[in-house]
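Chemist: Residue numbers (my numbering), protein chains in the order written: chain A, 8 to 191; chain B, 69 to 639. Glycine included, C-beta positions come from ideal geometry on N, C-alpha and C. Just so it is clear, the structure is predicted and the values come from calculations on it, not from any experiment. Structure below; questions to follow.
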Amino acid sequence: MEKEGLGLEITELRLGLPESVVNKNEKKRVFSEIEGVGDENSSSGDRKMEKKNEVVGWPPVCSYRKKNSINEASKMYVKVSMDGAPFLRKIDLAMHKGYSDLAFALEKLFGCYGMVESLKNADNSEQVPIYEDKDGDWMLVGDVPWEMFIESCKRLRIMKRSDAKGFGLQPKGSLKGFIESVAK
Amino acid sequence: MNYFPDEVIEHIFDYVVSHRDRNALSLVCKSWYRIERFTRQRVFIGNCYSITPERLIQRFPGLKSLTLKGKPHFADFSLVPYDWGGFLCPWIEALAKSRVGLEELRLKRMVVSDESLELLSRSFTHFKSLVLVSCEGFTTDGLAAIAANCRFLRELDLQENEVEDHKGQWLSCFPDSCTSLVSLNFACLKGEVSLGALERLVARSPNLKSLKLNRSVPLDALQRIMMRAPQLADLGIGSFVHDPDSEAYIRLKNTILKCKSITSLSGFLEVAPHCLAAIYPICPNLTSLNLSYAAGIQGSELIKLIRHCGKLQRLWIMDCIGDKGLGVVAMTCKDLQELRVFPSAPYGNPAAVTEKGLVAISMGCPKLHSLLYFCHQMTNAALITVAKNCPNFIRFRLCILEALKPDPDTLEPLDEGFGAIVQSCRRLRRLSLSGQLTDQVFLYIGMYAEQLEMLSIAFAGESDKGMLYVLNGCKKLRKLEIRDCPFGNMALLTDVGKYETMRSLWMSSCEVTVGACKLLAKKMPRLNVEIFNENEQEDCSLEDGQRVEKMYLYRTLAGKRKDAPEYVWTL
Numbered sequence: 008m009e010k011e012g013l014g015l016e017i018t019e020l021r022l023g024l025p026e027s028v029v030n031k032n033e034k035k036r037v038f039s040e041i042e043g044v045g046d047e048n049s050s051s052g053d054r055k056m057e058k059k060n061e062v063v064g065w066p067p068v069c070s071y072r073k074k075n076s077i078n079e080a081s082k083m084y085v086k087v088s089m090d091g092a093p094f095l096r097k098i099d100l101a102m103h104k105g106y107s108d109l110a111f112a113l114e115k116l117f118g119c120y121g122m123v124e125s126l127k128n129a130d131n132s133e134q135v136p137i138y139e140d141k142d143g144d145w146m147l148v149g150d151v152p153w154e155m156f157i158e159s160c161k162r163l164r165i166m167k168r169s170d171a172k173g174f175g176l177q178p179k180g181s182l183k184g185f186i187e188s189v190a191k
Numbered sequence: 069m070n071y072f073p074d075e076v077i078e079h080i081f082d083y084v085v086s087h088r089d090r091n092a093l094s095l096v097c098k099s100w101y102r103i104e105r106f107t108r109q110r111v112f113i114g115n116c117y118s119i120t121p122e123r124l125i126q127r128f129p130g131l132k133s134l135t136l137k138g139k140p141h142f143a144d145f146s147l148v149p150y151d152w153g154g155f156l157c158p159w160i161e162a163l164a165k166s167r168v169g170l171e172e173l174r175l176k177r178m179v180v181s182d183e184s185l186e187l188l189s190r191s192f193t194h195f196k197s198l199v200l201v202s203c204e205g206f207t208t209d210g211l212a213a214i215a216a217n218c219r220f221l222r223e224l225d226l227q228e229n230e231v232e233d234h235k236g237q238w239l240s241c242f243p244d245s246c247t248s249l250v251s252l253n254f255a256c257l258k259g260e261v262s263l264g265a266l267e268r269l270v271a272r273s274p275n276l277k278s279l280k281l282n283r284s285v286p287l288d289a290l291q292r293i294m295m296r297a298p299q300l301a302d303l304g305i306g307s308f309v310h311d312p313d314s315e316a317y318i319r320l321k322n323t324i325l326k327c328k329s330i331t332s333l334s335g336f337l338e339v340a341p342h343c344l345a346a347i348y349p350i351c352p353n354l355t356s357l358n359l360s361y362a363a364g365i366q367g368s369e370l371i372k373l374i375r376h377c378g379k380l381q382r383l384w385i386m387d388c389i390g391d392k393g394l395g396v397v398a399m400t401c402k403d404l405q406e407l408r409v410f411p412s413a414p415y416g417n418p419a420a421v422t423e424k425g426l427v428a429i430s431m432g433c434p435k436l437h438s439l440l441y442f443c444h445q446m447t448n449a450a451l452i453t454v455a456k457n458c459p460n461f462i463r464f465r466l467c468i469l470e471a472l473k474p475d476p477d478t479l480e481p482l483d484e485g486f487g488a489i490v491q492s493c494r495r496l497r498r499l500s501l502s503g504q505l506t507d508q509v510f511l512y513i514g515m516y517a518e519q520l521e522m523l524s525i526a527f528a529g530e531s532d533k534g535m536l537y538v539l540n541g542c543k544k545l546r547k548l549e550i551r552d553c554p555f556g557n558m559a560l561l562t563d564v565g566k567y568e569t570m571r572s573l574w575m576s577s578c579e580v581t582v583g584a585c586k587l588l589a590k591k592m593p594r595l596n597v598e599i600f601n602e603n604e605q606e607d608c609s610l611e612d613g614q615r616v617e618k619m620y621l622y623r624t625l626a627g628k629r630k631d632a633p634e635y636v637w638t639l
């Protein structure tokens, strides 16, 4: 049978990926990018797909079971406010694998591009994501490991960079006091 | 040919029960065919479109028990579009018109309307048993009709159905005169039931052996029900939320101590942490435990529970049990025959199961014959070990959550591992593959899997040869379902006669074209070759060279079906 390359475009997932033929390894990498496995901290610039992580019918768990075996207690809905937006949104932290995943979701939710960039380089971005932790303190998103973050995050806020005017954003908690006063 | 009068032969046939044996009897000679058809009471129809209800009734006028299956298996995974088919209605209408005294109806993946249920409930005075698995299309109104009208109802078993709740009181529709219930399962219903009606129903059903409650039944009601039914053998718990210091909890603990006949436990649709100690006393008697919907139970609690379950033969759990937990199962459940481990989270639980858990099970549970295992990774070495330890597998379904994943230790495909399974397990009847696989695994399957009846393949293989190895080698193959594999026209068309020996073939996201399907349909008039054209474009003319997204073909004596929706093209 005639095949281009290794003919593996057949198994390529049809979720809007570029048409180019991929070789075996690349195909696997592409698939794992789609699944998000191991890619938690990498750039999400490749995410062209609308419905990331969703191959229809995979894994093969029947739809009744999918709907009925989710642990209600494991859902982690938190409010998200964005400065200037007329109303708040809610997001389930448990549905996300990591910070870049969360940033992508926030971008979609509010139409605010630059969330992903802001995680990597807070100094340059328009917006600053902050969260209120269990102690009631406002913290910069991204300092602690993801698992620790979702345990302690009570609500999220996307703050305008300009509100932090005159205050150089530095990593690891130096923002804390300032944000506290801003958030009140 | 007959040296005995018919009555003697009939009497002998009474002892022959299995469908296959009875089918074989009917082929021996015209006389046996005749005797067999008049004495046949139970009929199994694996594909409701393979025959018309009229023809069935005509051949088996003494029919009492009918099993029907509708949609293809991959409908479970949302691969079959809505409205494809599988309607119960024509069957009930035909049966109702006839003189058949239907007593039992078992349905799987069918579309069941309230009207059908109503007609069913009114048409058969001795109707005893209704089992609906993975069906849809009905509401609690239909159930109310069954409850109200089937005076001798013994069994109403609803498993994993999508039922619309109309907030009526269907359970209250069982008349006071109904005392014959043996089995009642309404775990899949979302709505509330009248607890008073439920308790009264249980109280007047001395033969009730199996009761599965839904989420809305709270703990105190459970306790009262168990008090009234100490003879229960199979219990499905709805809500199991209580305060360990409460009166209700203490009462429950005492009641449980009296229920020594419970051997099968399931449900726990709602669980509070640290509640499970109350059921430890029944655990040593359990042969079947299904906690696959108990999302509220943590791994550590699961493990503590299982330590008490030394007699388990069947265990369905979620992967939060972890490899270590499976080690505990292996040490504790020496009689284990069937194990299912389901993924507990959308991406699978990071602390979940791997090949290590499966190897532990295989070492501790040599009687294991049925497996469904969702895991994060699998190695060839592990599969080879499992194959050696458990040669008795009848069903082996492995799902590695990341499709196309190779052996993480060697980065090789899993051909050798699955090859070892089929070579060692000579009685294997059902197999599901996953992970990275080449054509080689199919060569092994074709060579060794002589008893294989059902094979499920996804994201596997390299060329048509793979599919051909299977079609050529597996003589007993009945159902083949394939998705996202590079199998194309040559594989499809090489042996067209094969498909009449099988129930059905499903191929989606493969390489077959419209032209090949047309050719197949032309050559084999006793197959229905359906292709699903889900394009929303008006101009959907089918060009021969076009790749087919979804194809489902099945043998049939009923011809092209008349109830297919617009997107289904029967060629």
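Mind checking if A/Gly149 is an interface residue toward chain B, Cβ cutoff 9 Å exclusive?
Modeler: The residue given as residue 149 of chain A occupies position 142 in the first sequence. Taking Cβ atoms only, chain B never reaches closer than 9 Å to A/Gly149, which makes this a no.
Chemist: Can you name the residues that DSSP bridges to B/Gly556?
Modeler: Taking the second sequence and counting its residues from 1, one reaches residue 556 of chain B at position 488. Bridge partners of B/Gly556: B/Glu579.
Chemist: Any contact of the region 93 to 100 of chain B with the region 138 to 157 of chain B, i.e. 3+ C-beta pairs under 8 Å?
Modeler: Result no; under three Cβ-Cβ pairs closer than 8 Å.
Chemist: Report the CB separation of B/Tyr622 from B/Leu588 in whole angstroms; it is logged as a contact under 8 Å.
Modeler: Your numbering for residue 622 of chain B matches position 554 in the second sequence. Your numbering for residue 588 of chain B matches position 520 in the second sequence. Not a contact, Cβ separation roughly 12 Å.
Chemist: Starting from the beta carbon of B/Glu228, find every residue of chain A whose beta carbon is closer than 9 Å, and list them in chain order.
Modeler: Residue mapping note: residue 228 of chain B aligns to position 160 of the second sequence, counting from 1. Result: Cys69, Tyr71, Arg72, Asn75.
Chemist: Can you list the residues of chain A that B/Ser146 reaches, using a CB-CB cut of under 7 Å?
Modeler: Along the second sequence, one-based indexing puts residue 146 of chain B at 78. Simply Val63, Gly64, Ser70.
Chemist: Could you give the distance in angstroms between the alpha-carbon of B/Leu482 and the alpha-carbon of B/Leu221?
Modeler: For the purposes of this step, residue 482 of chain B is taken as the residue at position 414 of the second sequence. For the purposes of this step, residue 221 of chain B is taken as the residue at position 153 of the second sequence. Roughly 50 Å between the two C-alpha positions.
Chemist: Taking the straight line between their C-alpha atoms, what separation do you get for A/Val68 and B/Val231?
Modeler: Mapped onto the first sequence, residue 68 of chain A falls at position 61. Mapped onto the second sequence, residue 231 of chain B falls at position 163. Approximately 19 Å, taken between the alpha carbons.
Chemist: Identify the residues that DSSP records as bridge partners of B/Lys547: which are they?
Modeler: The count along the second sequence starts at 1 and reaches residue 547 of chain B at position 479. According to DSSP, which records beta bridges pairwise, B/Lys547 is partnered with B/Met522, B/Ser572.
Chemist: If I'm right that B/Asp507 touches B/Gly485 with Cβ under 8 Å, what's the distance once you round it to whole angstroms?
Modeler: Along the second sequence, one-based indexing puts residue 507 of chain B at 439. Along the second sequence, one-based indexing puts residue 485 of chain B at 417. Actually they do not touch by this definition, with Cβ atoms about 15 Å apart.
Chemist: Which residues mark the beginning and the end of the alpha helix (DSSP H) in which B/Thr208 is found?
Modeler: Here residue 208 of chain B corresponds to residue number 140 of the second sequence, with the count starting at 1. Its alpha helix (DSSP H) spans residues 208 to 217.
Chemist: Mind checking who B/Asp225 pairs with in its DSSP beta bridge?
Modeler: For this step, residue 225 of chain B is matched to residue 157 along the second sequence. In the DSSP output, where bridge partners are listed per residue, B/Asp225 has B/Val199, B/Asn253.
Chemist: Between B/Arg296 and B/Glu267, what straight-line distance do the alpha-carbon atoms span, to the nearest angstrom?
Modeler: Counting from 1 along the second sequence, the entry for residue 296 of chain B is found at position 228. Counting from 1 along the second sequence, the entry for residue 267 of chain B is found at position 199. So the two alpha carbons sit approximately 8 Å from each other.
Chemist: Quick one: what does DSSP say B/Leu625 is sitting in, helix, strand or coil?
Modeler: By one-based count along the second sequence, residue 625 of chain B stands at place 557. Looking at B/Leu625 - three-state DSSP - the assignment turns out to be coil, as it is neither helix nor strand.
Chemist: Any idea if B/Thr569 is buried or exposed, counting beta-carbon neighbours within 10 angstroms, 16 or more meaning buried?
Modeler: What you label residue 569 of chain B is simply residue 501 of the second sequence in a count that begins at 1. When all chains shown are included, B/Thr569 counts as exposed.
Chemist: Tell me whether A/Gln194 is buried or exposed, calling it buried when 16 or more other Cβ atoms sit within 10 Å of its Cβ.
Modeler: This structure leaves residue 194 of chain A out entirely; chain A is present only between 8 and 191.
Chemist: Compile a chain-ordered list of the residues in the region 437 to 460 of chain B whose CB is closer than 9 Å to at least one CB of chain A.
Modeler: Phe442
Chemist: Report the residue ranges of all alpha helix (DSSP H) runs contained in full by the region 271 to 296 of chain B; include only those spanning at least 4 residues, in chain order.
Modeler: 287 to 296
Chemist: Would you say B/Leu466 and B/Cys443 are within 9 Å of each other, going by their C-beta atoms?
Modeler: The residue you call residue 466 of chain B lines up with position 398 of the second sequence. The residue you call residue 443 of chain B lines up with position 375 of the second sequence. Their beta carbons are under 9 Å apart, which means B/Leu466 touches B/Cys443 by this criterion.
Chemist: What would DSSP say about A/Tyr84, mapped onto helix, strand or coil?
Modeler: Here residue 84 of chain A refers to the residue found at position 77 of the first sequence. Strand at A/Tyr84.
Chemist: How close, in whole Å, do the beta carbons of B/Leu333 and B/Pro411 come, if the pair is a contact with beta carbons under 8 Å?
Modeler: On the second sequence, position 265 is the one that residue 333 of chain B refers to. On the second sequence, position 343 is the one that residue 411 of chain B refers to. That belief does not hold up - the Cβ atoms of B/Leu333 and B/Pro411 are roughly 22 Å apart, past 8 Å.
Chemist: With 9 Å as the threshold, decide whether the Cβ of B/Cys343 is near any Cβ in chain A.
Modeler: For the purposes of this step, residue 343 of chain B is taken as residue 275 along the second sequence, with counting starting at 1. Judged by the 9 Å Cβ criterion, B/Cys343 is not in contact with chain A.
Chemist: Below 9 Å on C-beta distance, what does B/Phe142 contact in chain A?
Modeler: As a first step, residue 142 of chain B must be located in the second sequence, where it is residue number 74. Within 9 Å Cβ-Cβ: Gly64, Pro67.
Chemist: Scan the region 376 to 420 of chain B and note each continuous beta strand (DSSP E) run of 3 residues or more that stays entirely inside, going in chain order.
Modeler: 382 to 386, 406 to 410
Chemist: Give me the Cα-Cα distance between B/Leu239 and B/Lys258, rounded to the nearest whole angstrom.
Modeler: For this step, residue 239 of chain B is matched to residue 171 along the second sequence. For this step, residue 258 of chain B is matched to residue 190 along the second sequence. About 13 Å.
Chemist: Roughly how many angstroms lie between the CA atoms of B/Leu625 and A/Leu113, to the nearest whole one?
Modeler: The residue given as residue 625 of chain B occupies position 557 in the second sequence. The residue given as residue 113 of chain A occupies position 106 in the first sequence. Distance between the alpha carbons of B/Leu625 and A/Leu113 is about 56 Å.
Chemist: Quick check on the DSSP output: what are the complete beta strand (DSSP E) runs of length 3 or more inside the region 170 to 198 of chain B, in order along the chain?
Modeler: Runs of the beta strand (DSSP E) inside the region 170 to 198 of chain B: 172 to 176.
Chemist: For the beta strand (DSSP E) that A/Ser107 lies in, which residues bound it at each end?
Modeler: For this step, residue 107 of chain A is matched to residue 100 along the first sequence. For A/Ser107, no beta strand (DSSP E) run applies; the uninterrupted alpha helix (DSSP H) run containing it begins and ends at 106 to 117, by DSSP.
Chemist: Using the rule of at least 16 other Cβ atoms within 10 Å of the residue's Cβ for burial, across every protein chain shown, is B/Asn322 buried or exposed?
Modeler: For the purposes of this step, residue 322 of chain B is taken as residue 254 along the second sequence, with counting starting at 1. Label assigned to B/Asn322: exposed.
Chemist: Can you list, in chain order, the residues of its chain with a C-beta nearer than 7 Å to that of B/Phe206? Leave out the 5 residues immediately preceding and following it.
Modeler: One-based indexing of the second sequence puts residue 206 of chain B at position 138. So the qualifying residues of the chain are Val180, Ser181, Asp182, Leu185, Val231.
Chemist: Considering B/Tyr635, what are the terminal residues of the alpha helix (DSSP H) in which it resides?
Modeler: Taking the second sequence and counting its residues from 1, one reaches residue 635 of chain B at position 567. Per DSSP, B/Tyr635 belongs to no alpha helix (DSSP H) and is neither H nor E.
Chemist: Check whether the Cβ of B/Ser368 lies closer than 9 Å to any Cβ atom in chain A.
Modeler: In the second sequence, residue 368 of chain B corresponds to position 300, counting from 1. Answer no: the Cβ-Cβ gap between B/Ser368 and chain A never drops below 9 Å.
Chemist: Of the choices B/Thr400, B/Leu300, B/Asp313, whose alpha-carbon is the least far from that of B/Lys328?
Modeler: Numbered from its first residue, the second sequence carries residue 328 of chain B at position 260. It is B/Leu300 whose Cα lies nearest to the Cα of B/Lys328.
Chemist: Please report the residue range of the beta strand (DSSP E) in which A/Tyr138 lies.
Modeler: Sequence index remark: in the first sequence, residue 138 of chain A carries index 131 (1-based). Unbroken beta strand (DSSP E) run through A/Tyr138: 134 to 139.
Chemist: When you compare only the Cα positions, how much space is there between B/Gly487 and B/Val509?
Modeler: The sequence position of residue 487 of chain B within the second sequence is 419, counting from 1. The sequence position of residue 509 of chain B within the second sequence is 441, counting from 1. Distance between the alpha carbons of B/Gly487 and B/Val509 is about 6 Å.
Chemist: Give me whichever residues DSSP pairs with B/Phe527 in a beta bridge.
Modeler: Locating residue 527 of chain B in the second sequence gives position 459, where the first residue counts as 1. Bridge partners of B/Phe527: none, in fact.
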